[in-house]
Amino acid sequence: MTTQDKGTFQMLWDCPSCDTPKLLGLDHRYCPNCGFPQDATKRYFPAEGQEIAVADHIFHGVDWQCSGCDTPNSAAAEFCGSCGAPREGSAKEVGLVDDNPPAPPPAPPKKSKKGCLLLGCGGLLLVGLIVALVAFFWKSEVALTVTGHSWERSIEIEKYQAVSESDWCDAMPAGATKVSRRSEVRDHKQVADGETCTTKNVDKGDGSFDKVEECKPKYREEPIYDDKCSYEVNKWQTIRTAKQGGSSVSDTLAWPDVGSLRAGSGLGAERQGAKRETYTVLYKDADGAAHDCSFPQAQWSGIAQGSRWTAEAGVLFSNLDCDSLSAM
Ligand SMILES: [Zn+2]
Ligand SMILES: [Zn+2]
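Here the sequence shown is numbered in our numbering, starting from 542 and rising by one per residue.
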């Protein structure tokens, strides 16, 4: 921020005795009409364009106010110009008038805030937090009966094939083919764009004020373009998932048949990818509502059909805490 002094001008005051307006703070220590002494606390800044400049102004300091007659006196004076009382003793400094410059225009909102209108975003966050806390901590114990079992094993089948992708050209993988480029906005930068200036009045406290211009640099956002590449690249991709499952602990647990895969490493080759297995126990609570929990296979197969258990369940969403299960 830069500041520039635009000159010194006279504060104004209105005579409370004869109602003469716009008397000069420096030149009119007494009302030229009726002789009434100036009241330093009633000084004000003139309206824009009505400032009266002070040539070769020497600033002695903030006025002191006579404790005998309240007349403001120059810091250079040792005796009150109105009643002759000496400065020493109970003389106090004149209070300064505060200038409130007009507030700068509000910055344009960066993102639309739909959905926050009713409560405000803070309110929504708070409600969300409370709901999450209640859902997590407000639990009650439920009685459960095992109604069944289920299991599933799956194997992903991957194929080495050409895939269409796009990315910034400097991040394109090696071996990409059929490349086409186009320019797109990748980022933004702040570019200096002149400055915003406001003028402020600063009361000097001696019947005059300084006009000060404060300027802040202004910026605008400019897009940075870069090359976006569309291309084809050969890679392993999951094309299907083979599954095998059942609903009994006495089932023979087997991995699914993946069929015949085309071996090799070139285009069109196939292979087995990730393998997953899930073993689930199904429960019914006293209200008849269904729940389920998953276990390692050895534990799962030992949980008997019809056996009875207790567990904690969330009151809000009746979500079962599987770690809290204990046999009845
Ligand atoms: Zn007057
Ligand atoms: Zn006095």
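Every residue gets a Cβ at the ideal spot worked out from N, C-alpha and C, and that includes glycine.
Remember, predicted model here, so these are calculated numbers, not experimental data.
- Bridge pairing for isoleucine 765: Asp728 [DSSP].
- One thing to note: threonine 549 has its Cβ within 8 angstroms of the Cβ of serine 749.
- The alpha-carbon of serine 848 is positioned some 34 angstroms away from that of aspartate 798.
- By the criterion of a C-beta distance shorter than 6 angstroms, serine 623 is surrounded in its chain by Pro578, Cys610 and Thr612, once the five residues flanking it on both sides are discounted.
- Here proline 764 has Val726 and His729 as same chain residues with Cβ atoms under 7 angstroms from its own Cβ, once five neighbours each way along the sequence are excluded.
- Distance between arginine 722 and lysine 776, taken at the CA atoms: about 21 angstroms.
- With a threshold of 7 angstroms, the Cβ atom of serine 623 does not count as near ligand 1, since no heavy atom of the ligand is closer than that.
- The closest heavy atom of ligand 2 lies 7 angstroms or more from the beta carbon of glycine 566.
- Going by beta carbons, tyrosine 824 and leucine 685 fall inside the 8 angstroms limit.
- Judged by the Cβ position, asparagine 742 fails to qualify as a neighbour of ligand 1 at the 7 angstroms threshold, every heavy atom of the ligand being at least this far.
- Excluding five sequence positions before and after threonine 582, the CB atoms of its chain that fall closer than 7 angstroms to its own CB belong to Gly636, given in chain order.
- For alanine 733, the secondary structure class from DSSP, reduced to helix, strand or coil, is strand.
- DSSP, reduced to helix, strand and coil, places leucine 567 outside both helices and strands of the structure shown, so it counts as coil.
- Taking the C-beta atoms as reference points, alanine 827 is found no nearer than 8 angstroms to serine 681.
- Proximity of the beta carbon of threonine 737 to ligand 1 is not indicated: no heavy atom of the ligand is located closer than 7 angstroms.
- With 6 angstroms as the limit between CB and the heavy atoms of ligand 1, the residues that fall short of it are Cys556, Ser558, Cys559, Thr561, Cys572, Asn574, Cys575 and Phe577.
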